[in-house]
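Engineer: Residue numbers (the numbering used here), protein chains in the order written: chain A, 9 to 120; chain B, 9 to 120. For every residue, glycine included, the Cβ atom is placed at its ideal position computed from N, Cα and C. Dropping the structure in here first, questions after.
Protein chains: 2
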Amino acid sequence: MNMLSRTEEMLLLAVCRLQTEAFGINIRKEVEALTGKRYSVGGIYVPLDRLVKKGFLSTKTGRATENRLGRPKRLFTISSVGLAALREARSLYEAMWASLPEPVVKQLTFSG
Amino acid sequence: MNMLSRTEEMLLLAVCRLQTEAFGINIRKEVEALTGKRYSVGGIYVPLDRLVKKGFLSTKTGRATENRLGRPKRLFTISSVGLAALREARSLYEAMWASLPEPVVKQLTFSG
DNA sequence: GGAAATACTCTATAAAGTAGAATAATTCAT
DNA sequence: ATGAATTATTCTACTTTATAGAGTATTTCC
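Here is the structure:
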């Protein structure tokens, strides 16, 4: 068994959500906005590159002529393997939370 | 922000689920049965001890007279801090998966 | 060509994940 | 009381992942 880490799942979902705007700086911003998790400026590329290496993401440099200043973006897209991993991760997550003993459910639902 | 890793969340939930039978070997077995994730015999204690150190779990040795062979169990129970962390983790998880673009939802729901 | 803007690469360090051999604590038979 | 069988944990070395931030690259505009 080889389940996605939370980081991996979070980043794959961020890429999905950002669609054509999924590049490093945006992904970093998106993740922070959504979960509060912060990365240093360059720190986001470490796990992203790992996901590419593992075949969950693919990446290519955006076209130069974008009519704006600055270095080209490196865009990320999720692969079919990545989508499958997300489905699997979700399903495992449900299993983890399923059928907890009733007293525990109570403690988790309300603030006890 | 300091969210639980998937390992941490999984182990806290396993402890909750096992209630009075939450000790190393059982937790290891429970996790494997539920998620397919395997730990080596001793490997389960590394993250468990970390959770104790962080205050999410507490632990104490089970009573000697249990009328069975073998070394005493080291039982784990979740703390109120641990429960709060679980609630937080769940809520963050929902946020991660919320409001994905419709085409992505389709790809994730069916096997495409 | 130089400044401003935008975004990425690289690398060192800390933390977490992983495996498995070794050891400990108990009961039972003798 | 001693040794075998049983049950469970401790220890630790190694690999992988997380994290921060300085440095660098690419582009446009003047």
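1. Where does Lys-37 of chain B sit, in a helix, a strand or coil, going by DSSP?
2. Can you list the residues of chain A that Thr-43 of chain B reaches, using a CB-CB cut of under 8 angstroms?
3. Mapping DSSP to helix, strand and coil, what is Gly-120 of chain B?
4. Measure the C-alpha to C-alpha separation of Met-18 of chain A and Val-39 of chain A and round it to an integer number of angstroms.
5. Quick one: list the residues of chain B neighbouring Val-112 of chain A, beta-carbon separation under 7 angstroms, in chain order.
6. Let's see if you can read the secondary structure: which residues bound the beta strand (DSSP E) around Thr-28 of chain A?
7. Could you check what DSSP says for Leu-108 of chain B in three-state terms: helix, strand or coil?
8. Could you name the residues of chain A that Pro-109 of chain B contacts, counting a contact when the two beta carbons are closer than 8 angstroms?
9. Measuring only between beta-carbons, confirm whether Arg-58 of chain A sits less than 8 angstroms from chain B.
10. Examine the Cβ distances between the segment 22-42 of chain A and the segment 81-97 of chain A and report whether three or more of them are shorter than 8 angstroms.
11. Taking buried to mean at least 16 other C-beta atoms within 10 Å of its own C-beta, is Gly-41 of chain B buried or exposed?
12. Output, in sequence order along the chain, the residues in the segment 76-99 of chain A whose CB is closer than 9 angstroms to any CB in chain B.
13. Between Arg-25 of chain A and Pro-111 of chain B, is the Cβ-Cβ spacing less than 8 angstroms?
14. Using DSSP with H/G/I as helix, E/B as strand and the rest coil, what is Lys-68 of chain A?
15. Can you give the Cα-Cα distance for Gly-70 of chain A and Leu-100 of chain A, rounded to whole angstroms?
16. As a quick exercise: from A:Gly-78, A:Ser-66 and A:Ser-48, pick the residue whose alpha carbon is nearest that of Gly-90 of chain A.
17. Within the continuous beta strand (DSSP E) that includes Arg-82 of chain A, where are the two ends?
18. Taking Lys-61 of chain A as part of the alpha helix (DSSP H), name the residues at either end of that continuous run.
19. What's the gap between the Cα of Phe-64 of chain B and the Cα of Leu-94 of chain B?
20. With a threshold of 8 angstroms between beta-carbons, can Leu-21 of chain B be considered close to chain A, or not?
21. Interface residues of chain B around Leu-65 of chain A at Cβ under 7 angstroms?
22. Just to confirm, is the Cβ distance from Met-9 of chain B to Arg-46 of chain A under 8 angstroms?
Structural biologist: From the atom records:
1. Lys-37 of chain B: helix per DSSP, three-state reduction.
2. Under the 8 angstroms cutoff, chain A gives Met-9, Met-11, Leu-100, Ala-103 and Met-104.
3. Any reading at Gly-120 of chain B must be qualified, since the residue scores a pLDDT of 45, below 50, and its modelled position is unreliable; the value itself is stated next. In this structure, Gly-120 of chain B counts as coil in the three-state DSSP scheme.
4. So the two alpha carbons sit approximately 7 angstroms from each other.
5. Those within 7 angstroms of Val-112 of chain A in chain B are Cys-24.
6. First-last for Thr-28 of chain A: undefined, no H or E at that position.
7. If DSSP states are grouped into helix, strand and coil, Leu-108 of chain B belongs with coil.
8. In chain order: Cys-24, Arg-25 and Gln-27.
9. For Arg-58 of chain A, the answer is no, since every Cβ of chain B falls outside 8 angstroms of its Cβ.
10. Verdict: yes, contact present.
11. Residue identity check: residue 41 of chain B is Ala in the sequence provided, not Gly. Exposed: under 16 other Cβ atoms inside 10 Å.
12. Within the segment 76-99 of chain A, the residues whose Cβ lies closer than 9 angstroms to any Cβ of chain B are, in chain order, Ile-86, Ser-88, Leu-91, Ala-92, Leu-94, Arg-95, Ala-97 and Arg-98.
13. Not a contact, by the Cβ cut-off of 8 angstroms.
14. Residue state, collapsed to three classes: strand.
15. C-alpha separation (whole angstroms): 35 angstroms.
16. Each of A:Gly-78, A:Ser-66 and A:Ser-48 was checked against the Cα of Gly-90 of chain A, and the nearest Cα belongs to A:Ser-66.
17. Counting along the chain, Arg-82 of chain A sits inside the beta strand (DSSP E) bounded by residues 82-86.
18. 53-61 is the extent of the alpha helix (DSSP H) around Lys-61 of chain A.
19. Each residue's Cα considered, the two are about 9 angstroms apart.
20. It does; some Cβ of chain A falls within 8 angstroms.
21. The contacting residues do not exist; Leu-65 of chain A stays about 14 angstroms from chain B at best.
22. The beta carbons of Met-9 of chain B and Arg-46 of chain A sit closer together than 8 angstroms.
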